[in-house]
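Enquirer:
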Amino acid sequence: MPDSEGAVLAFDYGMRFIGVAWGERRSRVCRPLVSLECRTRAQRWESIHALIREWTPKSLLVGLALNSEGQEQTTTRQCRNFARDLHRHTHLPVALIDERYTSLEADQQLQTAGVARAQRRSMEHALAATLLLEDYFGLSMEQQSALCSSERTDFFITLAVEVTDV
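Residues in the sequence shown are numbered from 19 upward in steps of one, following the working numbering.
Next comes the structure, spelled out in structure tokens:
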């Protein structure tokens, strides 16, 4: 059963950028942290470990890239591999959540706020990770508990979130 308190770090995984956001379960407060642009795997994991030390999450959340019909695609496997690697590196529980349209929504929010295109590119990923957390915190504890059953043998949970057209 998920703890009703504690920090969660969310990751919007991409081959070039990884957006990271922090959230607290009880208050449901979420905030974007950073968009990591790491040239090497070593840099990526060094940055991620530093964030985990600083923010001390109890669990992690990774956006699962599905196509518009909810089908898996090439990037879906990359997201799953990243989630698996996160668990191996951190030994924290990792959940996967449908990320369809979060990057588009993040970009639209930044445009509406008047953020210049060049700045939006780097900010979009961290904001998308924040949107993932908002979706996750929108699930009831009962839904989270059902997904986190102690009978589960895999280390991550895929969360299905209803997606509305943007």
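For every residue, glycine included, the Cβ atom is placed at its ideal position computed from N, Cα and C.
Since this is a predicted model, take the numbers as computed values, not measurements.
Which residue wins for smallest C-alpha separation from I36, given the options F155, A101 and A25?
Expert: To locate residue 36, count along the sequence shown from 1; it is residue 18. Ranking F155, A101 and A25 by Cα distance to I36 puts A101 first.
Enquirer: With burial defined as no fewer than 16 other Cβ atoms inside 10 Å of the residue's Cβ, what is the status of R197: buried or exposed?
Expert: What the structure shows of the chain is the stretch from 19 to 184, and residue 197 is not part of that stretch, so it cannot be assessed.
Enquirer: Within its chain, find whatever has a CB closer than 7 Å to the CB of T16; leave out the 5 residues flanking it on each side and keep chain order.
Expert: With the chain covering only 19 through 184, there is no way to say anything about residue 16.
Enquirer: Measuring CA to CA, which of E64, R98 and W63 is closest to L84?
Expert: Locating residue 84 in the sequence shown gives position 66, counting from the first residue. The option with the nearest alpha carbon to L84 is R98.
Enquirer: For T93, which residues in the same chain have their Cβ closer than 7 Å to its Cβ, ignoring the five residues on either side in sequence?
Expert: Taking the sequence shown and counting its residues from 1, the one referred to as residue 93 is at position 75. Result list for T93: A83, in chain order.
Enquirer: Taking a contact to mean a Cβ-Cβ separation below 7 Å, would you say V38 touches L79 in this structure?
Expert: In the sequence shown, counting from the first residue as 1, residue 38 sits at position 20. In the sequence shown, counting from the first residue as 1, residue 79 sits at position 61. Taking 7 Å as the Cβ cut-off, V38 and L79 do not qualify as a contacting pair.
Enquirer: When you compare the CB of A39 with every CB in chain D, is at least one pair closer than 7 Å?
Expert: The structure shown has no chain D; it contains just one protein chain.
Enquirer: Using a Cβ-Cβ cut-off of 7 Å (strictly less than) and excluding sequence neighbours within five positions of W63, which residues of its own chain qualify?
Expert: Position 45 of the sequence shown, counted from the start, is the residue given in the question as residue 63. Answer for W63: H107, listed in chain order.
Enquirer: Going by beta carbon distance, what residues of the same chain come within less than 7 Å of S127, once the five residues before and after it are set aside?
Expert: Translated into positions along the sequence shown, residue 127 becomes position 109. Residue identity differs from the one stated: residue 127 is Gln in this sequence, not Ser. Correct list, in chain order: L145.
Enquirer: Using the C-alpha atoms, what's the distance from R49 back to T58?
Expert: Counted from its first residue, the sequence shown places residue 58 at position 40. Counted from its first residue, the sequence shown places residue 49 at position 31. Roughly 26 Å separates the two Cα atoms.
Enquirer: Using CA coordinates, which residue listed in E142, D116 and E152 is at the minimum distance from L54?
Expert: To locate residue 54, count along the sequence shown from 1; it is residue 36. Selected option, being the one with the closest Cα: E142.
Enquirer: Measuring only from the beta carbon, is V133 closer than 6 Å to any heavy atom that is part of the ligand ATP?
Expert: Looking for the ligand ATP in the displayed structure turns up nothing, as the structure carries no ligands at all.
Enquirer: What is the DSSP secondary structure of C11, reduced to helix, strand or coil?
Expert: As displayed, the chain neither begins before 19 nor continues past 184, which places residue 11 out of reach and without an answer.
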